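Q:
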Amino acid sequence: MEPMVVVGYDGSARSRAAAHWAAGEAARRQRPLRLVHVAAPVPARDASGRSANAAAADRLFADPAAVVAELYADHPAMAMKALQVEGSPAADLIGLAAVIADLLVLGIRGAGGWAGLSIGSVALEAAERCPVPVVLVPIGPVCRGAGPSLNPVTLAIDAHAPADAAVDFAFDVAQRRHERLRAVHVGKPGPPEAGAQWLHQEVQTLVEALRPWRHKYPDVRVVEDVVLGLAVDTLARASGRSELLVVGRCGSGLGSVVRELVGRAEGPIAVVPA
0 MEPMVVVGYD
10 GSARSRAAAH
20 WAAGEAARRQ
30 RPLRLVHVAA
40 PVPARDASGR
50 SANAAAADRL
60 FADPAAVVAE
70 LYADHPAMAM
80 KALQVEGSPA
90 ADLIGLAAVI
100 ADLLVLGIRG
110 AGGWAGLSIG
120 SVALEAAERC
130 PVPVVLVPIG
140 PVCRGAGPSL
150 NPVTLAIDAH
160 APADAAVDFA
170 FDVAQRRHER
180 LRAVHVGKPG
190 PPEAGAQWLH
200 QEVQTLVEAL
210 RPWRHKYPDV
220 RVVEDVVLGL
230 AVDTLARASG
240 RSELLVVGRC
250 GSGLGSVVRE
260 LVGRAEGPIA
270 VVPA
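In this text, residue positions in the sequence shown follow numbering that gives the first Met the number 0: the first is 0, and each later residue adds one.
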């Protein structure tokens with residue numbers, strides 16, 4: 000079966016932004032799109048029937064079929080389908096993506112939670128556990144397509160221990176978009192006496208780390224960038240100036256840097272499992 004792009008939808012503005020982002024990516028990948036709303040099971044009726052009525056209202060609010068009509072206007076030839084299922088949103092979306100998808104797209108927060116929450120529980124669990132890459136979409140100028148992006152695709156890379164799957168994903172995305180790739184290695188300052196020599200060595204380490212993918216994707220133009228500073232601050236700023244920021248995930252769990260970065264992302268961020 001041909002892999003699909005799956006996007007979770009719960010009626011929130013962020014999930015609508017995620018659906019539009021996912022449709023654009025599905026078009027570039029020439030993949031079918033599935034919009035999925037996972038609803039909690041309908042509770043038993045009380046004497047007035049209010050519980051069942053509330054559940055029905057939630058389902059109507061989050062009906063992905065309404066968004067499909069919007070997406071068809073921009074992508075009339077795309078194969079897309081809306082699904083509504085009952086269950087646990089995180090577990091069911093992860094399970095579905097593992098079977099049919101090569102990409103899962105979610106709003107960085109859903110309809111639940113509280114004001115000021117940086118990342119929702121479903122997005123966090125998917126980013127930590129999903130076996131396929133997960134793209135988390137906030138609401139911002141890049142997500143809405145308003146204004147130019149200085150860096151179409153940005154890869155966060157540790158040049159001394161590159162995450163191969165994340166590097167390959169970033170090059171593949173850049174190739175599909177016919178865009179350049181900015182590879183950012185955030186380094187700690189070297190000893191004062193090393194000066195420019197230390198920085199040159201870090202740049203050469205980054206160049207060597209990317210060499211296998213330059214050969215694999217010869218049409219992708221790469222800009223190597225070594226930045227000195229705090230990784231989270233540097234990459235959070237980069238996310239606001241990119242159409243997509245790509246980070247790697249080793250094993251289960253995001254690690255402290257990636258977890259904080261996901262919560263502070265200003266643009267779409269792809270979390271790629273090893």
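Cβ coordinates follow ideal geometry from the N, Cα and C atoms, glycine included. Keep in mind that this is a model prediction, so the values were computed, not measured.
#1: With burial defined as no fewer than 16 other Cβ atoms inside 10 Å of the residue's Cβ, what is the status of R13: buried or exposed?
#2: Where do the ends of the beta strand (DSSP E) carrying L135 lie?
#3: Checking 8 Å against the spacing of the C-beta atoms, do G106 and A96 come in under that value?
#4: Go through the region 150 to 194 residue by residue and report every complete run of the beta strand (DSSP E) that reaches 3 residues or more, in order.
#5: Assign R248 to one of three DSSP states: helix, strand, or coil.
#6: Evaluate contact between the region 219 to 239 and the region 179 to 188, counting only Cβ atoms and requiring at least three cross-stretch pairs below 8 Å.
#7: Are F168 and P132 close, meaning C-beta to C-beta below 8 Å?
#8: What does V67 pair with, by DSSP beta-bridge criteria?
#9: Counting pairs of beta carbons, one from the region 203 to 215 and one from the region 148 to 160, are three or more of them closer than 8 Å?
#10: Within 10 angstroms of the Cβ of R210, are there 16 or more other Cβ atoms? Answer buried if so, exposed if not.
#11: Note down, in chain order, each residue of its chain lying with its Cβ closer than 6 Å to the Cβ of R263, except the 5 sequence neighbours on either side.
#12: Mapping DSSP to helix, strand and coil, what is P241?
#13: Is the region 77 to 91 touching the region 236 to 256 in the sense that three or more CB pairs, one from each, lie closer than 8 Å?
#14: To which residues of the same chain is A114 closer than 8 Å at the C-beta, ignoring the five residues directly before and after it?
#15: Pull the bridge partners of E127 from the DSSP assignment, please.
#16: Can you give me the start and stop residues for the alpha helix (DSSP H) that L260 sits inside?
#17: For L253, is the classification buried or exposed, using 16 other Cβ atoms within 10 angstroms of its Cβ as the cut-off for buried?
#18: Can you have a look at A16 and say buried or exposed, based on whether 16 or more other CB atoms are within 10 angstroms of its CB?
#19: Return yes when the Cβ of P88 is within less than 8 Å of the Cβ of G10, no when it is not.
#20: Would you decide whether E69 is buried or exposed? Buried here means 16 or more other CB atoms lie within 10 Å of its CB.
#21: Need the endpoints of the beta strand (DSSP E) that L105 sits in, please.
#22: Hey, V172 and V152 are a contact pair by Cβ (cut 8 Å); roughly how many whole angstroms apart?
A: Judging by the given coordinates:
#1: Burial state of R13 is buried, judged by a 10 Å Cβ sphere holding 16 or more other Cβ atoms.
#2: Start and end: 133 to 136.
#3: Cβ atoms of G106 and A96: not closer than 8 Å.
#4: Those beta strand (DSSP E) runs which fall completely within the region 150 to 194 and span 3+ residues are 150 to 155, 180 to 186.
#5: Here DSSP, grouped into helix, strand and coil, assigns R248 to strand.
#6: Segments in contact, yes.
#7: Result yes, Cβ atoms of F168 and P132 sit closer than 8 Å.
#8: Beta-bridge partners of V67 (DSSP): none assigned.
#9: Touching, yes.
#10: Per the 10 Å Cβ criterion, exposed.
#11: These residues qualify, in order along the chain: A235.
#12: Correcting the residue identity first, residue 241 is Ser in this sequence and not Pro. For S241, the secondary structure class from DSSP, reduced to helix, strand or coil, is strand.
#13: No, the region 236 to 256 is not in contact with the region 77 to 91.
#14: Summary for A114: the model assigns pLDDT 45, below 50, so the residue's position carries little reliability; its value from the coordinates is reported in the next sentence. Within the same chain, and ignoring the five residues on either side of A114 in sequence, no residue has its Cβ closer than 8 Å to its Cβ.
#15: Beta-bridge annotation (DSSP): E127 is not paired with any residue.
#16: Per DSSP, L260 belongs to the alpha helix (DSSP H) from 254 to 263.
#17: With 16 or more Cβ atoms within 10 Å of its Cβ, L253 is classed as buried.
#18: Buried, by the Cβ-count rule.
#19: Against a cut-off of 8 Å, the Cβ pair of P88 and G10 comes out as no contact.
#20: Exposed.
#21: 100 to 106 is the span of the beta strand (DSSP E), which, as asked, contains L105.
#22: For V172 against V152, the beta-carbon gap comes to about 5 Å, under 8 Å, which counts as contact.
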